[in-house]
Amino acid sequence: MPRPGSSALGALAIVTGALLFAVNGTVSKLAMGAGLSPTRLVEARCLGSAVILVVAALVVAPRALRPTSRREVAVLALLGVVGLALVQWFYLVAISRLPVGLALLIEYTAPLMVALWARFVFREQVLTRVWWALAACLVGLALVAQVGDEVTLDAIGLVAAVGAAVALAMYYLLGDRLLTTRDPLTTQAWSMAFAALFWVVLQPLWTFPTSTLGADVPLPVTDLHPPMWVLVAWIVVLGTVVPYVLFLVGIQRVGAARAGLLGMVEPVAASATAWLVLGESMTPVQLVGGSVVVAGVVLAETSRRAPEHALLPDTAAP
Numbered sequence: 001m002p003r004p005g006s007s008a009l010g011a012l013a014i015v016t017g018a019l020l021f022a023v024n025g026t027v028s029k030l031a032m033g034a035g036l037s038p039t040r041l042v043e044a045r046c047l048g049s050a051v052i053l054v055v056a057a058l059v060v061a062p063r064a065l066r067p068t069s070r071r072e073v074a075v076l077a078l079l080g081v082v083g084l085a086l087v088q089w090f091y092l093v094a095i096s097r098l099p100v101g102l103a104l105l106i107e108y109t110a111p112l113m114v115a116l117w118a119r120f121v122f123r124e125q126v127l128t129r130v131w132w133a134l135a136a137c138l139v140g141l142a143l144v145a146q147v148g149d150e151v152t153l154d155a156i157g158l159v160a161a162v163g164a165a166v167a168l169a170m171y172y173l174l175g176d177r178l179l180t181t182r183d184p185l186t187t188q189a190w191s192m193a194f195a196a197l198f199w200v201v202l203q204p205l206w207t208f209p210t211s212t213l214g215a216d217v218p219l220p221v222t223d224l225h226p227p228m229w230v231l232v233a234w235i236v237v238l239g240t241v242v243p244y245v246l247f248l249v250g251i252q253r254v255g256a257a258r259a260g261l262l263g264m265v266e267p268v269a270a271s272a273t274a275w276l277v278l279g280e281s282m283t284p285v286q287l288v289g290g291s292v293v294v295a296g297v298v299l300a301e302t303s304r305r306a307p308e309h310a311l312l313p314d315t316a317a318p
């Protein structure tokens, strides 16, 4: 339940976290453009974040970190692999082929998928606005799909963005179940650890191209050329751990539903950042379509009658 008198702090935490996630999209795209592949970047992100979160959980709540059953471990593993490892990989593939804002718009249809799943699978009562949300998202995405002179849509990028949306929806649903018996910090620590394990098994650390970490990365709009490891450290700390913690703080104070709505600042901020730094732009028709998608997601976020306990509004961000 949100704490009385702390709504302003909670809202500030959510918006700050969303802005950090938004900037992270551009930083990630710069790292990939300089030679670090999406799979290696997500591996470094998951591994670094897992170390920090597990250490934090051991310090803050060591007893709560202990799993209660094998079934819980299995659900945590599924949350980590699908809801973190794959959603982050899909997102990175999407932004490597599409404008950052466009990829996020598609990924952010996840709340609509959750609302539809709740209606047809869980048989929950949902408000009729969910149908307006579905219509708005479909119309908005149809407008966004209009290819102009400034934007070329890539088929693989579109499929990856949809995959990120599906994986994020599963993250919401699995997190909703786990948070009935487990606190957010240890849930995030366990799931990130499983995400890191998934990538380390697929890509052993001794095969990591460590030479790329020392490569200089030119930053647009500046004369700076920091080494790759600086960008990776930013992605791990300021692009993952800090915004996740801020979202946890915000959810405790304003609730998951309002946090989801406030988190919608991310695709807008991500588009603005990518435009300023990377020169990415969308046509006027696509901007209108993006606004319609955002409106549809807001309707979807408020369509469920049952209280929501989604773990976090966003992980892709990325």
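Under the UniProt record's numbering, the sequence shown is numbered contiguously, ending at residue 318.
Even glycine gets a Cβ: it sits at the ideal position worked out from N, Cα and C.
In this text, all values refer to a predicted model and were calculated from it rather than measured experimentally.
| query | So is Thr-109 buried or exposed if we call it buried at 16+ other beta carbons inside 10 Å? | reply | buried
| task | Return the chain-ordered list of same chain residues with a C-beta closer than 6 angstroms to the C-beta of Leu-36, the five sequence neighbours on each side being excluded. | result | Within the same chain, Leu-36 has close Cβ partners Thr-212.
| For Asp-216, which residues does DSSP report across the bridge? | Pro-227
| message | Starting from Met-32, trace the alpha helix (DSSP H) in both directions and tell me its first and last residue. | response | 7 to 33
| query | For Thr-39, which residues of its own chain have a beta-carbon under 7 angstroms away from its beta-carbon, when the five flanking residues on both sides are left out? | reply | Trp-89 and Gln-203
| query | Going by Cα to Cα distance, which pick from Thr-187, Ala-233 and Val-230 is closest to Leu-54? | reply | Checking the sequence shown, residue 54 turns out to be Val, not Leu. Answer by Cα proximity: Thr-187.
| Along the chain, where does the alpha helix (DSSP H) that runs through Tyr-171 open and close? | DSSP places Tyr-171 inside the alpha helix (DSSP H), whose first and last residues are 155 to 178.
| For the candidate residues Glu-43, Gly-25, Ala-57 and Val-27, whose alpha-carbon lies nearest to that of Leu-185? | Ala-57
| request: Identify every run of the alpha helix (DSSP H) within the region 70 to 94, keeping only runs that are complete inside it and at least 4 residues long; order them along the chain. | output: 70 to 78
| message | In whole angstroms, give me the CA-to-CA distance for Leu-299 and Ala-274. | response | 26 angstroms
| message | Among the candidates Phe-120, Pro-243 and Tyr-172, whose CA atom is the shortest distance from the CA of Leu-12? | response | Pro-243
| message | I believe Pro-111 touches Val-297 by the beta-carbon criterion, under 8 angstroms. Please report the beta-carbon distance rounded to the nearest angstrom. | response | 5 angstroms
| said: Taking the beta carbon of Ser-96 as the centre, do at least 16 other beta carbons fall within 10 Å, making it buried, or is it exposed? | reply: buried
| request: Find out if the Cβ-Cβ distance for the pair Leu-86, Ala-167 is shorter than 8 angstroms. | output: Taking 8 angstroms as the Cβ cut-off, Leu-86 and Ala-167 qualify as a contacting pair.
| Leu-158 and Gly-289 closer than 8 angstroms at C-beta | no
| said: Can you confirm whether the region 21 to 33 touches the region 166 to 180 when touching is taken to mean that 3 or more C-beta pairs between the two stretches lie within less than 8 angstroms? | reply: Taking one beta carbon from each stretch, the region 166 to 180 and the region 21 to 33 have fewer than 3 pairs nearer than 8 angstroms; the two do not touch.
| Roughly how many angstroms lie between the CA atoms of Trp-131 and Thr-302, to the nearest whole one? | 12 angstroms
| Is the beta carbon of Ala-136 sitting closer than 8 angstroms to the one on Val-292? | yes
| query | How close, in whole Å, do the beta carbons of Ala-18 and Val-249 come, if the pair is a contact with beta carbons under 8 angstroms? | reply | That belief does not hold up - the Cβ atoms of Ala-18 and Val-249 are roughly 13 angstroms apart, past 8 angstroms.
| said: Would Leu-178 and Leu-76 qualify as a contact pair, given that the criterion is a beta-carbon distance under 8 angstroms? | reply: yes
| message | Using C-beta distances below 6 angstroms, list every residue in its chain close to Val-232, excluding the 5 sequence neighbours before and after it, in chain order. | response | Taken in chain order, the residues that qualify are Ala-44.
| request: Compute the Euclidean distance between the alpha carbons of Val-15 and Ala-269, then round it to the nearest angstrom. | output: 10 angstroms
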